[in-house]
Amino acid sequence: MFLSPMNMEAGTMGGVPSRQARLAHAAKHAELWNAGRKNEWVASWRTICPGEVRMYDPVGTEEKSGFDTATSEAFDMFQSILKIKMITVQVNGNEMAWVCENHFGTEPNIQMAHSIETFAWDDHGNLLIKTYYPMPESVDSKSDPYTHLLGGQG
Numbered sequence: 002m003f004l005s006p007m008n009m010e011a012g013t014m015g016g017v018p019s020r021q022a023r024l025a026h027a028a029k030h031a032e033l034w035n036a037g038r039k040n041e042w043v044a045s046w047r048t049i050c051p052g053e054v055r056m057y058d059p060v061g062t063e064e065k066s067g068f069d070t071a072t073s074e075a076f077d078m079f080q081s082i083l084k085i086k087m088i089t090v091q092v093n094g095n096e097m098a099w100v101c102e103n104h105f106g107t108e109p110n111i112q113m114a115h116s117i118e119t120f121a122w123d124d125h126g127n128l129l130i131k132t133y134y135p136m137p138e139s140v141d142s143k144s145d146p147y148t149h150l151l152g153g154q155g
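Everything in the sequence shown is counted per this note's numbering, starting at 2 for the first residue and increasing by one.
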């Protein structure tokens, strides 16, 4: 059977995008983001998001939902002040995780922080994204983590 990036793996994983599709997306995620190629970046996400998207960005804050929230809106909010370097990607079963080195802010106030980002698909292709990055304990589910991260730069 021929598997294109949009085809789902056969067998028990059902709606989970193929390992190849997930790795292909991860391979171009940072490059497309850093180049400001929004349409291609969003289209790449669509190859691995056949269902609904839920996101904790970061974990410990309020859940966000929707493909556009996780992609287009995030791109519009952060792309101009965030550059990403992919450090490592792991794909196991119906999950994927990566570690990124993130440089954010505007000159002369550029900061660096590592993030761990996890992606878990259910059998219907619905995606749960969880991100982990340095955040003070005072940031909780009622806080806006982006205000802390951006510090008025967004």
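From the three backbone atoms N, C-alpha and C, an ideal C-beta is built for every residue, glycine too.
Proximity to residue i [Cα-Cα], best of the options
i, options, result
"E108", "S81, M56, D124 and M87", "S81"
"N35", "F105, R20 and P59", "F105"
"D77", "E41, A28, G37 and R20", "G37"
"N93", "M56, F79 and A121", "A121"
"A75", "Q91, W99, N40 and P51", "N40"
"L129", "N110, T62 and R55", "R55"
"A133", "D123, G16, P51 and T62", "One detail in the question is off: residue 133 reads as Tyr in this sequence, not Ala. The shortest Cα separation from Y133 among D123, G16, P51 and T62 belongs to T62."
"I111", "H125, D123, L83 and D124", "L83"
"G16", "K29, P51 and F79", "P51"
Residues of its chain near residue i, where Cβ-Cβ distance is below 6 Å and the 5 sequence neighbours each way are ignored
i, result
"E53", "N127"
"W42", "L33 and W34"
"M113", "H104"
"S131", "The sequence as given places Lys at residue 131; Ser does not occur at that position. Y57, V60 and T119, listed in sequence order."
"R20", "V92"
"M97", "R23 and F120"
"H125", "G16 and G52"
"S66", "R55"
With 16 other Cβ atoms within 10 Å as the buried cut-off, status of residue i
i, result
"N95", "buried"
"P135", "exposed"
"T89", "exposed"
"D58", "buried"
"Q154", "The predicted model places Q154 with a pLDDT of 49, which falls under 50 and marks its position as unreliable, so this point remains unresolved."
Neighbourhood of residue i by C-beta, 8 Å cutoff - its chain only, sequence neighbours within 5 removed
i, result
"C101", "A31, I85, K86, M87, I88, H115, S116 and E118"
"W46", "H26, F68, A71 and T72"
"E64", "R55, M56 and Y57"
Own chain residues within Cβ distance below 7 Å of residue i, not counting five before or after
i, result
"S99", "As written in the sequence, residue 99 is Trp, which differs from the Ser given in the question. Hits under 7 Å: A27, M87, T89, V90 and E118."
"K29", "S45"
Which runs of the alpha helix (DSSP H) spanning at least 4 residues fall entirely within the region 49 to 76, listed in chain order? none
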